[in-house]
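Inspection log for the structure reproduced underneath, given as structure tokens.
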Amino acid sequence: MADRVIPTRTNLMVLIGLLALTLATTLIARVDLGAWHLPVALAIAAAKTLLITLYFMHLRWSPGLLGLMALGAVLWLAILLGGSMDDYATRVWLLPLGR
Amino acid sequence: MNGQGLGFPLFPPRASALADRVDALFFFLLALTGIVTLIVATLVIVFAVRYRQRPGRVIAPSQTAGSTLLELAWTIVPGLLFVVPFVWGARLYVDAAVPPPNALTITAIGKQWMWKFQHQGGQREIDSLHVPLGRPVRLLLTSEDVIHSLYIPAFRMKQDVLPGRYTTVWFQADRAGDFHLFCSEFCGTAHSRMGGQVTVMQPEAYERWLALGASESLASRGAKLFQQLGCNTCHRGDSLQRAPGLVGLYGRPVQLTDGRIVTADEDYLRESIVEPASKIVLGWQPIMPSFKGRVTDDELLQLVAYIRSLEPPAPEPFAPEGQPLFPAQRRQGG
Amino acid sequence: MIVATVALERPHEETYLSVGTTARSWLLTTDHKRIGILYMVSITLMFLVGGVAATFMRITLLSPGGGVVAMETYNKLFTIHGVIMVWFFLIPSIPSVLGNFVLPMMLGARDVAFPRLNLASWYIFVAGSLFLLWTVVTGGVDTGWTFYTPYSTQYATSHVVSTTLGVFIVGFSSILTGLNFIVTTHRMRAPGLTWFRLPLFVWSLYATSLILVLATPVLGITLILVTLERWLGIGIFDPALGGDPLLFQHLFWFYSHPAVYIMILPGMGVISELIPTFSRKRLFGYTFVAGASIAIAVLGFLVWGHHMFTAGMSTHAALVFSMLSYLVAIPSAIKVFNWTATLYRGAVSFETPMLYAIGFIGLFTTGGMTGLFLASLAVDVHVTDTYFVIAHFHYIMVGGMVTAYMGGLHYWWPKISGRMYPENLGRLAAMTIFLGFNLTFFPQYILGYLGMPRRYAGYPPEFHVLNVLSTAGASILAVGYALPLAYLLWSLRYGERASANPWGGTTLEWTTSSPPPEHNFAHTPIVTHGPYDYVRGPQGDQRG
Amino acid sequence: MADIRVAYRHAPAPQFDDLVQQREAAALGMWVFLVTEVMLFGGLFTVYTVYRWLHHPAFVEGSRHMALVAGAVNTAVLIASSFTMAQAVQRAQRGLRRGLLGFLASTALLGVVFLGLKAYEYWSHYAEGLVPGALWTYAGQHSGPLQAFFFLYFAMTGLHAVHLTVGIGLVTGLIVLARRRRFTAAYHTPVEVIGLYWHLIDVIWVFLFPLFYLIG
Chain L
127 MADRVIPTRT NLMVLIGLLA LTLATTLIAR VDLGAWHLPV ALAIAAAKTL
177 LITLYFMHLR WSPGLLGLMA LGAVLWLAIL LGGSMDDYAT RVWLLPLGR
Chain D
1151 MNGQGLGFPL FPPRASALAD RVDALFFFLL ALTGIVTLIV ATLVIVFAVR
1201 YRQRPGRVIA PSQTAGSTLL ELAWTIVPGL LFVVPFVWGA RLYVDAAVPP
1251 PNALTITAIG KQWMWKFQHQ GGQREIDSLH VPLGRPVRLL LTSEDVIHSL
1301 YIPAFRMKQD VLPGRYTTVW FQADRAGDFH LFCSEFCGTA HSRMGGQVTV
1351 MQPEAYERWL ALGASESLAS RGAKLFQQLG CNTCHRGDSL QRAPGLVGLY
1401 GRPVQLTDGR IVTADEDYLR ESIVEPASKI VLGWQPIMPS FKGRVTDDEL
1451 LQLVAYIRSL EPPAPEPFAP EGQPLFPAQR RQGG
Chain W
59 MIVATVALER PHEETYLSVG TTARSWLLTT DHKRIGILYM VSITLMFLVG
109 GVAATFMRIT LLSPGGGVVA METYNKLFTI HGVIMVWFFL IPSIPSVLGN
159 FVLPMMLGAR DVAFPRLNLA SWYIFVAGSL FLLWTVVTGG VDTGWTFYTP
209 YSTQYATSHV VSTTLGVFIV GFSSILTGLN FIVTTHRMRA PGLTWFRLPL
259 FVWSLYATSL ILVLATPVLG ITLILVTLER WLGIGIFDPA LGGDPLLFQH
309 LFWFYSHPAV YIMILPGMGV ISELIPTFSR KRLFGYTFVA GASIAIAVLG
359 FLVWGHHMFT AGMSTHAALV FSMLSYLVAI PSAIKVFNWT ATLYRGAVSF
409 ETPMLYAIGF IGLFTTGGMT GLFLASLAVD VHVTDTYFVI AHFHYIMVGG
459 MVTAYMGGLH YWWPKISGRM YPENLGRLAA MTIFLGFNLT FFPQYILGYL
509 GMPRRYAGYP PEFHVLNVLS TAGASILAVG YALPLAYLLW SLRYGERASA
559 NPWGGTTLEW TTSSPPPEHN FAHTPIVTHG PYDYVRGPQG DQRG
Chain P
4 MADIRVAYRH APAPQFDDLV QQREAAALGM WVFLVTEVML FGGLFTVYTV
54 YRWLHHPAFV EGSRHMALVA GAVNTAVLIA SSFTMAQAVQ RAQRGLRRGL
104 LGFLASTALL GVVFLGLKAY EYWSHYAEGL VPGALWTYAG QHSGPLQAFF
154 FLYFAMTGLH AVHLTVGIGL VTGLIVLARR RRFTAAYHTP VEVIGLYWHL
204 IDVIWVFLFP LFYLIG
């Protein structure tokens, strides 16, 4: 949270970037990407999140500790999602069939 | 070791091949952990007594800060030692997960505070399970209400039983006699009463017992139900017009509309009856109505037994690996 | 020789206790020391409620035949025992009582970073406790402290909602305490107090706070989903709607396994303070023990699946969780080896805190070792949900955490109350607890491998003798716990006056008077060297 | 025009040595709180991910019932409110009280607009009988998992709306304090800290929008 003052121009650029990405993700959803649908939507959402955290939340000019906290949140969310999905995605392996 | 002299057991009975292998792993772990605990305990006591505070020894003379070598040693050595029980335990677990092909399937339904078993020949029993000696037995488990857990200590076997889903477990009893059967997942008021007896019988005695209680087999009851509910109006033996054929379906890979390939196990058959719209076979339309609420768990098991019994008449050439047996060559539309 | 910088004992010095004696001064305090004492009172009361439930359970298990009434009551007893002990005693005790009191002083700070938030945490804890006491009074809850669905959401007829809401509320008390400790440790260290000069109790509290902050919210949302499912009649874990009861277990154990590290890590921190102090020797391998705390906090999040090996999880996931569970055992082993190495060529004295510390090493090692049985898939299938698991986690929770809490309580009692406890009674209580504990829980290992399932009000006759032994042990344990309650209260008035540093400790809290002034230090200490340095004496001095 | 009339020297709280330490502590405290918020929503995102894997067709069906336009507009509204909040923080840093008040008011207003649109969407689902539980009258395919989808929709966007309402309350509180000249260029920590909270609410909606409205 360094008290670095961010010029309005930068904030406006970030705003336009975010609105553009929103428009993009909405339009892309129309195109049938099949299996690629979710990854693209999540990538765009991640890009928007980066814009918001780095610029609007001043993470770019804050002490490294705060960035570490943000990274920690993402990592622990990944642990929760990964661990649970590892169970559901692999339930079909080693099916106990019988006659 | 069974503590006969004490008047009460200190070790559980062993009645299955798996039990011996699990006990071997248990004793290995007991030895491994026992030795390390003993070493730590003696060191603590020896150091505490030998280096106790006494006149002239108010502060420790040597204030050693530590030794990285020692730290690495007691990090890596336990790491390597732990690989043994992990691999050993994992091997036994995987062996216990996949039943041998010739296993005898018995269905078990956990219901608040009783176990209902049903043999292929239609014999039904509550809170007691008769099984033959020396033959692998595969239990197909489900629950009508909450989560229970079928636990037979003598076989070192335990498997949770979930509503809305099938779980399976198998064992091969190798000692005749009666053994405890418990429910080991808390399921309500009479959780501690929900158990019974597993009776392992000589094969001939088992056959005689089966004959005694024989009634209409699961598969034939399933066939009757198949007609009653009108399943045969769409799933017909002769035409694949409105619905995929069921002959020889059990255990085969099936391709779905969204491209996934799933194996037609009991869970797939059950879900296709209760929630048909969630998995549609490639080339067919989601026109099947849901039978949820119209079919009880017992009847579902009978239908699944019936579908499983539909063996293809002539020995079918097995489809090459990964190839779905039901390619979408059928005409679109119903 | 130790440069004893004992602050001269001015007779009527203003201490944090004498500053205010009205109820208002206690109930509206923002002094971390007073809030620690408020917590001590409330968790002791909750420990008594949980203990009474345990007593009735052991009485019921004296006889094999559990009648219907006994079964219903027994189910409610073990649930209340579980919920109250886990969330209202084990999790808050060391961080909120000893941590609140000692952490700011160990850092050389005047208070925690957010004192009002600290007081709010205590009020939230009290609010949660009232929900639980309301549940106990109006008929109890019988789902087990694990609230497994669909029993807890669709079939239980007892007071589930008031319990889940009570635990949801007390969850925020832990989150706020964790948040407070993280910010205090990062931002409020005394000059010269670098990370690797921090006492290990601070390291373990920091690691615990990381878990508190990362895991507790998931429990919160899971309990809210259970509450919604009971209120609105529709739900996410309902198999009829295509829901999966196993998903509840994933979310629950994602919190509840790190929660067991929330309970034990502060205990390890206390032991890392006691062993060096009472053997007058630097802790062996300081950096490795500190690193082990952080490793436990991180690895603790990867292993929750080992509670679900027989629950219907995929075989692949079971293999992954089993391997990771063996990894998480290693940092705990490192700590035990380092404590043992610290005793080597020390100058060991056997005051009460040291007896608890040595008892901790023995009991915690036994508990931890049996964890290796449970991590191995094949053995776990046989012993999970049996009394083997009960013995395992009681060895770690009661043999480990409660023993460490007792040790810490006696160690810092002079600093908290300005009085010394009676030494011989203290030693007697420690040995009684050690004896009673082993007699209560070791037979349960045997019962577990024999196959006696947990949460059973009645059992087959062949388990009778071992259960009677266990109940006998429980009565000795109860006496063991009653003793400190009595003589500690007695010592408040009649105890011998304590000096600023009765044990010759080197951490900063021993450089100020006992009991300390309201802002802990006359002026902020300047830290010159690391802790446990018995040649150079206390870390900081009053010259700063 | 220096708008900064030194209202009153803001002394750091007793436990802090100076204002810099206090601000850094507040910022770290809020970021740790944001981590807990991410994990709180994380539990629901896990349930969403698992059920999307188990019942993909039902989720596609459910997504078709979403008002895509309302969702997209709402996303733009919330992004705009993030912009105005960032501007408010900038004005506070420069000590310009009038600008601070203006941007705070527009942030709160945009938040209310979002809630309004969301209420409209909830009402339209209610009209279609898509509210899970007793009010569920939809009789189409996947009736079971579809109820789960809508339960998740209402739970996650509802929890988000609750957080947004709290956010609006906090911003209103800031407006009151700002009018009383409580913030100066030297001391405006509450504005920065509540700004962080507001931006997180926006980040959560950034993920909720594609996951519910744009399932292919």
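Order-wise, the sequence lines are chains L, D, W and P.
Residue numbering for the first sequence follows the working numbering, beginning at 127 and increasing consecutively.
Residue numbering for the second sequence follows the working numbering, beginning at 1151 and increasing consecutively.
Residue numbering for the third sequence follows the working numbering, beginning at 59 and increasing consecutively.
Residue numbering for the fourth sequence follows the working numbering, beginning at 4 and increasing consecutively.
Glycine included, each C-beta is placed from N, C-alpha and C at the ideal position.
In this text the structure is predicted, and so the values were computed from the model without any measurement.
Cross-chain neighbours of residue i in chain P, by beta carbon under 8 Å
i: residue 131/L; result: 93, 96 and 97
Inter-residue Cα distance where the pair is residue i and residue j
i: residue 257/W; j: residue 1291/D; result: 54 Å
i: residue 97/P; j: residue 131/L; result: 8 Å
i: residue 200/P; j: residue 283/W; result: 24 Å
i: residue 26/P; j: residue 162/P; result: 29 Å
i: residue 1400/D; j: residue 1332/D; result: 31 Å
i: residue 474/W; j: residue 95/W; result: 8 Å
i: residue 411/W; j: residue 333/W; result: 9 Å
i: residue 1370/D; j: residue 1252/D; result: 21 Å
i: residue 187/P; j: residue 17/P; result: 20 Å
i: residue 1185/D; j: residue 1178/D; result: 11 Å
i: residue 303/W; j: residue 1293/D; result: 12 Å
i: residue 1196/D; j: residue 492/W; result: 19 Å
i: residue 1241/D; j: residue 371/W; result: 16 Å
i: residue 1466/D; j: residue 1437/D; result: Reliability fails at residue 1466/D, whose pLDDT of 47 lies under 50, so the model's placement of it is uncertain and the value that follows must be treated cautiously. In a straight line, the C-alpha of residue 1466/D is about 29 Å away from that of residue 1437/D.
Under 9 Å between C-beta atoms of residue i and residue j
i: residue 191/L; j: residue 37/P; result: no
i: residue 1254/D; j: residue 1375/D; result: no
i: residue 135/P; j: residue 290/W; result: yes
i: residue 425/W; j: residue 451/W; result: yes
i: residue 1458/D; j: residue 1416/D; result: yes
i: residue 323/W; j: residue 265/W; result: yes
i: residue 421/W; j: residue 457/W; result: yes
i: residue 148/P; j: residue 15/P; result: no
Start and end residues, alpha helix (DSSP H) containing residue i
i: residue 1258/D; result: Segment 1254-1261 is the beta strand (DSSP E) holding residue 1258/D; no alpha helix (DSSP H) there.
i: residue 1435/D; result: Careful: residue 1435/D lies outside any alpha helix (DSSP H) and carries neither H nor E.
i: residue 537/W; result: 522-552
i: residue 23/P; result: 22-57
i: residue 630/W; result: Outside the displayed range of chain W (59 to 602) lies residue 630/W, so it cannot be described from this structure.
i: residue 149/L; result: 134-156
i: residue 1223/D; result: 1218-1247
i: residue 280/W; result: 258-290
Neighbouring residues, chain L, relative to residue i (Cβ below 9 Å)
i: residue 1412/D; result: 218
Cross-strand partners of residue i (DSSP beta bridge)
i: residue 131/W; result: DSSP lists no partner for residue 131/W.
i: residue 599/W; result: 584/W
i: residue 1323/D; result: 1166/D
i: residue 1301/D; result: 1308/D and 1332/D
i: residue 1276/D; result: 1266/D
i: residue 1346/D; result: 1331/D
i: residue 1281/D; result: 1350/D
i: residue 1411/D; result: 1405/D
Partner residues on chain P for residue i, Cβ-Cβ distance less than 7 Å
i: residue 172/W; result: 32
Opening and closing residue of the beta strand (DSSP E) in which residue i lies
i: residue 134/P; result: Residue 134/P -> no beta strand (DSSP E), and no H or E assigned at all.
i: residue 1288/D; result: 1286-1293
Contact list for residue i against chain W, beta-carbon separation under 9 Å
i: residue 1292/D; result: What residue 1292/D touches in chain W: nothing, since even the nearest Cβ is about 10 Å away.
Contacts of residue i in chain L (Cβ-Cβ under 8 Å)
i: residue 42/P; result: 199, 202, 203 and 206
Residue i: contacting residues in chain L (beta-carbon distance under 7 Å)
i: residue 90/P; result: 134 and 137
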